[in-house]
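Peer 1: Listed in order, the protein sequences are those of chains A and B. If you're matching positions, the first sequence starts at 0 in numbering that gives the first Met the number 0 and goes up one per residue. If you're matching positions, the second sequence starts at 0 in numbering that gives the first Met the number 0 and goes up one per residue. Would you mind keeping the following structure in view while I ask a few things?
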Amino acid sequence: MRQLFSFTGGVKPASHKIESNRGVVIVAPLPNVLVVPLRQNAGLPSRPLVQAGDKVLKGQTIAGPGGSISVAIHAPTSGTVRGIETHAIPHPSGLLAPCVVIEADGEDRWIDRKPIDPYALPADELRARLRDAGVVGLGGAAFPSFVKTQHGPTQRIDTLIVNGAECEPFITCDDLLMRTQAGQILEGAAVLAHIAGAQRVVVGIEDNKPEAVAAMTAAAGKRSGLPVEVIAVPTRYPAGGEKQLIRVLTGIEVPFGKLPPDYGVQCFNVATAYATARALLHGEPMISRLVTVTGNVERPGNFEVRIGMPIADLVALAGPKADTDRNLMGGPMMGFALPTLDAPVVKATNCILAASKALFPPPGPEMPCIRCGACARACPMDLQPFEMYWFSRAKILGKAQEYHLFDCIECGCCAYVCPSRIPLVDYYRFAKSEIRAREKEKDAADVARLRYEFRLEREERDKQEKAAKLAAKAAETKARLAEAGDADDKKAMIAAAVARTQEQKAEENPSAE
Amino acid sequence: MPSNSPFLRQPASVQSVMLKVLVALLPGIAMYVWFFGWAVLIQISLASVTALAAEAAMLAARRKPVRHFLTDGSALVTAWLIALSLPSIVPWWLTVLAVLIAIVVAKHLYGGLGQNPFNPAMVAFAAMIVAYPQFMSQWPAAGATDLATQINAIFGQRQLDAMVMATPLDTLRTALHTSGLNATVESVLANKTTYGFLGGKGWELVALGYLIGGLWLVQQRVITWQIPAAFIVAFGGIAGLTHLIDSAQFAGAGFHLFSGGAMLGAFFIATDPVSASTTPRGKLIYAAGIALIDWVIRVYGAYPDGIAFSTLLMNICVPLIDKSTQPPVFGHKEKRP
Ligand code: SF4
Ligand code: SF4
């Protein structure tokens, strides 16, 4: 039995998982029009490969990776490209971004799917295939998975951790996936382990999901070869945070500024492992995902949704109640309010949570901090949130950084417990963006300064070279004069030398011209 | 609902925290009334009304939302602590003055709730003991006075000789200091009209009431264990140790912990979050510091109890303590910030 570790802090909000977890996957109907954003992964947006009028098949690549940290994007169904249009995407600020808009033909015709034997191919080839199949982290961050299977010369990946903790309240899509696709998840995890060179797979699942633990344990029992452990971890938010889960399962603490492979581990979400299996073992790129729709709706549940389906249509399937005042993407602890339901489902969409005043009552008026320390006791990163708050609010950003502002994972535990109901995380987000902006400015200034210094140096060097040349010439002249001994000759030569010097000076100092 | 994550909030409020502190004081207050009469309730009422009025006036003057802050309960906690620290038969104006100093000067002139570096109740107590030492040493003896006499003492003519006595701490100190080697702790404590099993007669049970209420606060997670534990261990430790060395001159741990303001200090005064240290190790240092300074004042100082001065002294040290005891951050355990 693996020894488990614990992280300090954390909170235990009501889980609200029962509502949406009915044990079945509801397949959402195919929309008529799909809006597929080109920016869906962390890193660089993808580069479109289609134009208006193009016929596409389901699974056909419609955009290629736009840089080294970027993946491909695929048509979620067969149809015709209407164009590349600017459209709302799910973003807290209501951002508009270029999207490939596809009118479905209703036939839903696949491309020629080519399953491969991943164990017969070199790791680099497999990474390229993961990238070209559009696989990104599906836990919410949408970081390209192929990048995470690589490691630098001083790094290694021994243990591949599969994150099935799903610690956010309300969300159950990973739970359901584990119950229904345990075998495929482990297949995918084994492939990821193979690519990363890991020796073992450890699956962490919060112990409030006994069915998922049982299903995954059974599936692990059927496998041979690579050792796979399925571990139930104590339910405490944020046990599913990457750093927290690694800590619980291995005792390793990955600090800010370091990556898991610095410590021999790497972490993938269960849905990412599943997507890997679909991509490589079945030749199906990432074109759909499970999304929990829950909260203030009549029929909460988990839906198999094509990427690009308008969120409004998805929510409609669950029967939104009239007093819904907002919809969140993600969970109540780390999600964000969607400015518009016009935006489409993207790869990072794990949950749409309809909110109402009854479900999330307004927290009451904010009070001053009384330094009660409740936030510090709740912080899973062992920070002093009230100190960071104090300095962020006063805009003493250097001090906020001294108190490890950038170690904050924005999990929200501190604000959850604060009796003064201070929106603490807002202050950290603000302070972080402020610091980043300043650093950018400073970087720009640094570049300008460097350029300036470089120019000065070059000019100085030129000057010295010229001076050296002149000195050499003068010496030569002198020697010749000494030889000649002719006064007139001497004068003429001196005059010539003076003229030359003046010429040089004018050249060196262009502003004088 | 909040505009940004987290959208879920625990139903906690400053008000509920303060309310729990008030509730936790009730067992001690009940004992107080049982042994020393109703006077303390009169003082608590006086202090409460004054505190709320002063708080409202200051909030209005500072253009803060009066209702919003008035109901947070923090002024009441300060008021109750003052009423419980002062002798219960001090004249009414002294209580009012003390509360005004706490609320107006120590709290609002420093910026209001959450901003005061010094514990307001202790600032007021210290001011009173310096300004009116004669009133601050007049304590009622257990069961010695009836309500009428107490009311008279608070609001009218003060004919105190019949009803007051020095506190057990005072008596002990005076006896030890004045009669030289003739008096030992044992001989002084043998006087059972003044002393009970552990501390002063009656007072020891008031202290027990505070202890019970305080433990409930720990259980309710309103306060953490570090401050009361460090206080009790340090206070009991130094008292026990000196008692072992010279039992004639030094009273033992039980006596010190169950006399004077020790228990009130351990659970209700040193734990005031605003003015206390906030880190786990810092809290230990902070509370132990208060306990040790208090003991020194009790044994060698000019005042019978030193909880106010020791708290204020340690309040000054809080920024330094906090800075040097920052707990290691996740992933940075090997090096301290
Ligand atoms: S929980 Fe809130 S009131 Fe308490 S110390 Fe933290 S920020 Fe201040
Ligand atoms: S949001 Fe940041 S400061 Fe607050 S509890 Fe989480 S990690 Fe700690």
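Just so it is clear, CB atoms sit at the ideal spot from N, CA and C, and this is done for glycine as well.
Measuring only between beta-carbons, confirm whether A:Pro319 sits less than 8 Å from chain B.
Peer 2: No, its Cβ sits nowhere closer than 8 Å to a Cβ of chain B.
Peer 1: Check whether the stretch 324 to 331 of chain B touches the stretch 252 to 259 of chain A, counting contact only when three or more Cβ pairs, one atom from each stretch, lie closer than 8 Å.
Peer 2: A contact exists between the stretch 324 to 331 of chain B and the stretch 252 to 259 of chain A.
Peer 1: Could you spell out the range, first to last residue, of the alpha helix (DSSP H) harbouring A:Glu522?
Peer 2: Since the displayed chain A opens at 0 and closes at 512, residue 522 of chain A lies outside it and no answer follows.
Peer 1: To the nearest whole angstrom, what separates the beta carbons of B:Gly113 and B:Arg61, a pair I think is in contact under 8 Å?
Peer 2: With a Cβ gap of about 14 Å, B:Gly113 and B:Arg61 do not count as contacting.
Peer 1: Taking all protein chains shown into account, do 16 or more other C-beta atoms lie within 10 angstroms of the C-beta of A:His403, making it buried, or fewer, making it exposed?
Peer 2: Looking at its Cβ environment, which holds 16 or more other Cβ atoms inside 10 Å, A:His403 is buried.
Peer 1: If the criterion is Cβ atoms closer than 8 Å, does the pair A:Gly65 and A:Arg46 meet it?
Peer 2: Cβ distance < 8 Å, so A:Gly65 and A:Arg46 count as in contact.
Peer 1: List, in chain order, every chain A residue whose beta-carbon is nearer than 8 Å to that of B:Val16.
Peer 2: Here the neighbours are Ile369, Cys371 and Pro418.
Peer 1: Just curious, the alpha helix (DSSP H) that A:Arg524 is in, first and last residue?
Peer 2: What is shown of chain A runs 0 to 512, which leaves residue 524 of chain A out entirely.
Peer 1: Below 9 Å between beta carbons is the criterion; list the residues of the stretch 257 to 273 of chain A that meet it against any residue of chain B, in chain order.
Peer 2: Within the stretch 257 to 273 of chain A, the qualifying residues are Lys257.
Peer 1: Alpha carbon to alpha carbon, how far is A:Pro89 from A:Ala103?
Peer 2: Approximately 22 Å between the Cα atoms of the pair.
Peer 1: Do B:Met262 and B:Tyr209 have their CB atoms nearer than 8 Å?
Peer 2: Going by C-beta atoms, B:Met262 is nearer than 8 Å to B:Tyr209.
Peer 1: What residue range does the beta strand (DSSP E) around A:Ile160 cover?
Peer 2: Per DSSP, A:Ile160 belongs to the beta strand (DSSP E) from Ile156 to Asn162.
Peer 1: Considering only DSSP beta bridges, list what A:Cys350 is partnered with.
Peer 2: Per DSSP, A:Thr291.
Peer 1: Might you give, ordered along the chain, the residues of its own chain that have their beta carbon closer than 8 Å to the beta carbon of B:Ser4, omitting 5 neighbours on each side?
Peer 2: Same-chain partners within the cutoff: there are none.
Peer 1: Output yes or no for whether 8 Å exceeds the beta carbon distance between A:Pro343 and A:Pro36.
Peer 2: Going by C-beta atoms, A:Pro343 is nearer than 8 Å to A:Pro36.
Peer 1: For a test of the three-state rule: what should DSSP assign to A:Ile101, helix, strand or coil?
Peer 2: In this structure, A:Ile101 counts as strand in the three-state DSSP scheme.
Peer 1: Output the distance between the C-alpha atoms of B:Gln225 and A:Ala140, rounded to the nearest integer angstrom.
Peer 2: Their Cα atoms are separated by approximately 39 Å.
Peer 1: Would you tell me roughly how many angstroms separate the C-alpha atoms of A:Gly105 and A:Leu29, rounded to the nearest one?
Peer 2: Looking at the two C-alpha atoms, the distance is approximately 8 Å.
Peer 1: Are there 16 or more other CB atoms within 10 angstroms of the CB of A:Gln265, so buried, or fewer, so exposed?
Peer 2: By the neighbour-count rule (16 or more Cβ atoms within 10 Å), A:Gln265 is buried.
Peer 1: Could you tell me whether any non-hydrogen atom of ligand 3 is closer than 7 Å to the CB of A:Pro384?
Peer 2: Although ligand 3 was asked about, the structure shown includes only ligand 1 and ligand 2 as ligands.
Peer 1: Does the Cβ-Cβ distance between A:Val134 and A:Ile68 come in under 8 Å?
Peer 2: Cβ distance not < 8 Å, so A:Val134 and A:Ile68 don't count as in contact.
Peer 1: How would you write the range of the alpha helix (DSSP H) that A:Pro384 sits in, first residue to last?
Peer 2: Unbroken alpha helix (DSSP H) run through A:Pro384: Pro384 to Arg392.
Peer 1: Listing by chain order, which chain B residues have their CB less than 8 Å from the CB of A:Phe335?
Peer 2: Simply Asn3 and Ser4.
Peer 1: Quick one: Cα of B:Ala250 to Cα of B:Pro167, how far?
Peer 2: Cα-Cα distance, rounded: 12 Å.
Peer 1: Can you find a CB in chain B that lies within less than 8 Å of the CB of A:Met380?
Peer 2: Output row for A:Met380: interface = yes.
Peer 1: Is the Cβ of B:Ala101 closer than 8 Å to any Cβ of chain A?
Peer 2: So, not an interface residue.
Peer 1: Using DSSP bridges, identify the partner residues of A:Phe335.
Peer 2: A:Met328, per the DSSP bridge assignment.
Peer 1: Report buried or exposed for A:Lys208, applying the criterion of at least 16 other Cβ atoms within 10 angstroms of its Cβ.
Peer 2: Buried, because 16 or more other Cβ atoms sit within 10 Å of the Cβ of A:Lys208.
Peer 1: Quick check: does the Cβ of B:Met313 come within less than 7 Å of any heavy atom belonging to ligand 2?
Peer 2: Incorrect: B:Met313 has no Cβ contact closer than 7 Å to ligand 2.
Peer 1: For B:Val129, count neighbouring Cβ atoms within 10 angstroms of its own Cβ and tell me buried if that reaches 16, exposed if not.
Peer 2: B:Val129 comes out exposed.
Peer 1: Which partner residues does A:Pro515 have in the DSSP bridge list?
Peer 2: Chain A is shown only over 0 to 512; residue 515 of chain A falls outside these bounds and no answer can be derived.
Peer 1: Tell me which residue opens and which closes the beta strand (DSSP E) that A:Phe302 is part of.
Peer 2: Segment Gly300 to Arg305, the beta strand (DSSP E) holding A:Phe302.
Peer 1: Using a Cβ cut-off of 8 Å, pull out every chain B residue sitting near A:Val253, in sequence order please.
Peer 2: The answer, in chain order, is Gly330.
Peer 1: Taking the C-alpha atoms as reference points, what is the distance between A:Thr148 and A:Leu244?
Peer 2: The straight-line gap from Cα to Cα measures roughly 18 Å.
Peer 1: Using 10 angstroms around the beta-carbon of A:Asn508, count the other beta-carbons present and answer buried if the total reaches 16, otherwise exposed.
Peer 2: Because the pLDDT of A:Asn508 is 49, which lies under 50, any placement of that residue in the model is unreliable, and the question is left without a value.
Peer 1: Inspect the CB distances between the stretch 46 to 54 of chain B and the stretch 62 to 82 of chain B and report whether three or more fall short of 8 Å.
Peer 2: Yes, the stretch 46 to 54 of chain B is in contact with the stretch 62 to 82 of chain B.
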